[in-house]
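A.B. asks:
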Amino acid sequence: MKLNPEQKKEAHDMMELWEDDLLERYPEKPTKSKEEFRNYDDPARDTVKEFYRMNHTFQTYDFVMEKEKEFLSLNRREMGLWDAVEYLNTLVDDSDPDIDLDQTQHLLQTSEAIRADGQPDWFVLTGFLHDLGKVLCLFGEPQWAVVGDTFPVGCQFSDKIVYPEFFSANPDIDNEQFNTKLGVYKENCGLRNVHLSWGHDEYLYHVMKDYLPEEGLYMIRYHSFYAQHREHAYDHLMDKHDHEMFKWVNKFNPYDLYTKAPVKPNVKELRPYYEDLAAKYLPDTIRF
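All residue numbers for the sequence shown refer to UniProt numbering, where the first residue is 1 and numbers rise by one.
1. Can you pull the DSSP bridge partners for Pro-152?
2. As a quick exercise: from Pro-152, Asp-235, Phe-167, Asp-102, pick the residue whose alpha carbon is nearest that of Lys-264.
3. For the alpha helix (DSSP H) containing Ser-158, name the first residue and the last one.
4. Is it buried or exposed, Glu-214, if we count other Cβ atoms within 10 angstroms and call 16 or more buried?
5. Which residues in the same chain as His-206 place their Cβ atom closer than 6 Å to its Cβ, once the five residues preceding and following it in sequence are excluded?
6. Taking the continuous alpha helix (DSSP H) assigned at His-243, which residues delimit it?
7. Using the beta-carbon count (16 or more within 10 Å), is Ser-33 buried or exposed?
8. Just the C-alpha distance for Asn-179 and Cys-189, rounded to the nearest angstrom, thanks.
9. Do you know how far the Cα of Pro-152 is from the Cα of Trp-122?
10. What whole-angstrom Cβ distance do Ala-227 and Ser-158 have, given they're in contact under 8 Å?
11. Where does Phe-128 land, buried or exposed, given buried means 16+ other C-beta within 10 angstroms?
12. Grouping DSSP H, G and I as helix and E and B as strand, with all else coil, what is Glu-50?
13. Which value, in whole angstroms, describes the spacing of the CA atoms of Leu-191 and Tyr-234?
14. So for residue 319, helix, strand or coil by DSSP?
15. When you compare the region 279-288 with the region 77-93, are there three or more beta-carbon pairs, one atom per stretch, that lie closer than 8 Å?
16. Rounded to whole angstroms, what's the CA-CA distance from Pro-254 to Phe-225? Just pull it up for me.
17. Exposed or buried, Leu-217, counting other C-beta atoms within 10 Å across all chains shown (16 or more means buried)?
18. Could you tell me the distance, in whole angstroms, from the CA atom of Glu-187 to the CA atom of Tyr-281?
19. Quick check: the Cα distance between Phe-58 and Glu-269, rounded to an integer number of angstroms?
20. Mind checking whether His-106 and Ile-220 have CB atoms under 8 Å apart?
21. By the 10 Å Cβ neighbour count, where 16 or more other Cβ atoms means buried, how is Leu-49 classified, buried or exposed?
22. Who are the near neighbours of Glu-202 in its chain, counting only those whose CB is closer than 6 Å to its CB and skipping five residues on each side?
23. Roughly how many angstroms separate the alpha carbons of Leu-136 and Leu-212, rounded to a whole number?
24. Nearest to Glu-165 by alpha carbon, out of Leu-257, His-56, Ala-145?
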């Protein structure tokens, strides 16, 4: 499905609003002013709330099962890495000119900060890849099924999830199979056995699961799972291995949230490095 200019702008703006909302809720670097990242007025905040109202209403267990079946066959299209990045950039072709970071620049700012800290090359590549799952918007998915904080479905919704009051309209809340602490799961069953709300994290994990080290895959799959890695609301579903791997998720998230800067990365100069890095880990074409 091809999006029209208005839909592309809406998709990009929703991503930006969500990321700005994260900065407000998790101000890990209070010495930085909000203006260094993004600044939106009160109506923007209302838009974020409306986004989460829809997200929490429609992200049911059955919805997630349907989306996994629909998308995880990875039969939408095949692209090389840079083709996929440029495809994602079409989301901002018609966006507000005040928004000066396209997806390539955000990905590069994240990965270049990781590289500057001397992290392993697979970590650098993970930073560059982490948001590619947002191509779901270009396949016609609504924003509430692409971005936003993720959370388990099939069990009780934690009050540590952002705007928990909006779950009152979710039909799973009245389903006895899903509304207990464990729901359809077992104590400490491991997150590999838990279904999270549908979005770009889970989708990209499946796209990349045969190519990256497990630490990088955890970063991709759980970087929006704030109810756990910030609030520790789902320790009862995690096993020992999950807790060990979440050290990497916690290491990754500051790079994602706090690396936006006014100086844009030089895409032309950096591209050869990332093409060589991708060639080390990824096939020539990737199935989406």
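Each residue gets a CB set at the ideal place from its N, CA and C atoms; glycine is no exception.
C.D. replies: According to the structure data:
1. Leu-196
2. Asp-102
3. Looking at the DSSP string, Ser-158 is not in any alpha helix (DSSP H), and its letter there is neither H nor E.
4. exposed
5. Leu-72
6. 240-257
7. Residue confidence is low: Ser-33 scores 48 on pLDDT, short of 50, so the model does not pin down where it sits. Its coordinate-derived value is still stated next. Ser-33 should be labelled exposed.
8. 17 Å
9. 27 Å
10. 5 Å
11. buried
12. helix
13. 10 Å
14. Past the edges of the chain, shown from 1 to 288, lies residue 319, and the structure says nothing about it.
15. yes
16. 14 Å
17. buried
18. 35 Å
19. 43 Å
20. no
21. Strictly speaking, residue 49 in this sequence is Lys, with Leu absent from that position. With fewer than 16 Cβ atoms within 10 Å of its Cβ, Lys-49 is classed as exposed.
22. Leu-196
23. 21 Å
24. His-56
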